[in-house]
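Visitor: The number in the working numbering is simply the position in the sequence shown, starting from 1, with 644 added. For every residue, glycine included, the Cβ atom is placed at its ideal position computed from N, Cα and C. Before I ask anything, let me first share the structure, which is written out below as structure tokens.
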Amino acid sequence: MTEGTTTPDTGAESNADGPEGLPEGTDTGEQQDGSESPGSKEARYRIRAREAETALAEAQSRIEAMNRRELERLAGEAGLSHPTDLLTLSANEISDYLTEDGEIDPEKVAADVEAILTERPGLKKARRYVDPTQGLGGKVPMPKKPSWGSLLG
645 MTEGTTTPDT GAESNADGPE GLPEGTDTGE QQDGSESPGS KEARYRIRAR EAETALAEAQ
705 SRIEAMNRRE LERLAGEAGL SHPTDLLTLS ANEISDYLTE DGEIDPEKVA ADVEAILTER
765 PGLKKARRYV DPTQGLGGKV PMPKKPSWGS LLG
């Protein structure tokens, strides 16, 4: 072999992949001189608009679910046995029970529940009746006998 030809060294010290010390893949995709093409700017705005629309739709669905739960809670407190029946039986929407501030109006809910319960009294919450024999060992309480102490005292 001749002494004038050398082969490139492919070891760890090779600079064939680029200068050492510079990170690879850190380009942000934006032009460095500050001028941006109108197409990429519009695309970025469209992406941001879609993300905003998605976030708005998610927020609206969460607000509607919270309003529905509040409406059902108020209907249950007003005496309806199945609070989910309020919207079905009254033929109203959630928006019919909202105030100007966007809150559920408890008076409107109570009025509709009262109207439903006057038409269909079987939809009231079941009352719990107290059984006096419960908790007393099954014994019927004995009537008190009159005594001299109760007569004098």
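Can you give me the C-alpha to C-alpha distance between Ala755 and Tyr773, rounded to a whole angstrom?
Guide: Working through the sequence shown from its first residue, we reach residue 755 at position 111. Working through the sequence shown from its first residue, we reach residue 773 at position 129. Spanning the two alpha carbons is a distance of roughly 26 Å.
Visitor: Based on Cα-Cα distance, which residue from Gly746, Lys752, Glu747 lies nearest to Asn586?
Guide: With the chain covering only 645 through 797, there is no way to say anything about residue 586.
Visitor: Looking at Pro765: is its Cβ nearer than 8 Å to the Cβ of Leu718?
Guide: On the sequence shown, residue 765 is found 121 positions in, with the first residue counted as 1. On the sequence shown, residue 718 is found 74 positions in, with the first residue counted as 1. In this structure, Leu718 does not lie closer than 8 Å to Pro765 by Cβ.
Visitor: What separation, rounded to the nearest whole angstrom, lies between the Cα atoms of Asn711 and Ala701?
Guide: Your numbering for residue 711 matches position 67 in the sequence shown. Your numbering for residue 701 matches position 57 in the sequence shown. Rounded to the nearest angstrom, the two C-alpha atoms are 15 Å apart.
Visitor: Could you have a look at Lys768 and say whether DSSP puts it in helix, strand or coil?
Guide: Residue mapping note: residue 768 aligns to position 124 of the sequence shown, counting from 1. Lys768: strand per DSSP, three-state reduction.
Visitor: Taking DSSP's pairing of strands, which residues face Ile748 in a bridge?
Guide: Here residue 748 refers to the residue found at position 104 when the sequence shown is read from its first residue. DSSP, once it has assigned bridges, lists Leu742 as partnering Ile748.
Visitor: Check for me: the alpha helix (DSSP H) holding Asp729 runs from which residue to which?
Guide: Counting from 1 along the sequence shown, the entry for residue 729 is found at position 85. Segment 729-734, the alpha helix (DSSP H) holding Asp729.
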